[in-house]
Amino acid sequence: MDDGNDRIIRKLQQLAAAAEPTFWGFLGCEFVAFKDGVITIALDAKPHHLNPIGMVHGGVTSSLLDTAMGIIAMLARPEEKVVTTNLNVHFVSPLYAGRLLVTAELVHQSHKMITAQGRVEDSEGHLGTMGTGTFRVI
């Protein structure tokens, strides 16, 4: 028997495939999992994702957060379009080349606004960046 989570995972896989030629693919994002309302995406951070001092560029982790939280917002309103209106990012620890895991979950939604929160961690679970995002339903 197919449950709602299986449908969501298939939809996410379709979205990831359709997004491959967009910024998602340019960054190198990949869908990992959706479980208990939390999406996980990943990025294998390579030299071109780094800043001149060898850490993952803040723009990369900001984009990862915006992407993961945007997906959560899209899942909350699958029949509507959502756009980012506010992105708050906190860089708490440096991240380096290697596998990064990004998680995001819904915090709140109203008729026209959705709020999510997210985290970017390295493969050992060390928190590097966290943030919140607000998305407008258009």
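The opening residue of the sequence shown carries number 1 in the UniProt record's numbering; numbering runs sequentially from there. Backbone N, C-alpha and C define an ideal beta-carbon position, used for all residues, glycine too.
Going by CA-CA distance only, name the one from 59, 114, 103 that's closest to residue 73. The residue you call residue 73 lines up with position 73 of the sequence shown. Closest by alpha carbon: 114.
DSSP on residue 18, reduced to helix/strand/coil? Locating residue 18 in the sequence shown gives position 18, counting from the first residue. In this structure, residue 18 counts as helix in the three-state DSSP scheme.
Quick one, which of 55, 57, 118, 67 has its alpha-carbon nearest residue 22's? Counting from 1 along the sequence shown, the entry for residue 22 is found at position 22. The shortest C-alpha separation from residue 22 is found at 67.
Does the Cβ-Cβ distance between residue 127 and residue 93 come in under 8 Å? Your numbering for residue 127 matches position 127 in the sequence shown. Your numbering for residue 93 matches position 93 in the sequence shown. Yes, these two residues count as a Cβ contact at 8 Å.
Please list, in chain order, all residues of the same chain as residue 15 whose beta carbon is under 6 Å from its beta carbon, the five residues on each side excluded. The residue labelled residue 15 in the question sits at position 15 within the sequence shown. No residues qualify anywhere along the chain.
Using 10 angstroms around the beta-carbon of residue 83, count the other beta-carbons present and answer buried if the total reaches 16, otherwise exposed. Here residue 83 refers to the residue found at position 83 of the sequence shown. Residue 83 should be labelled exposed.
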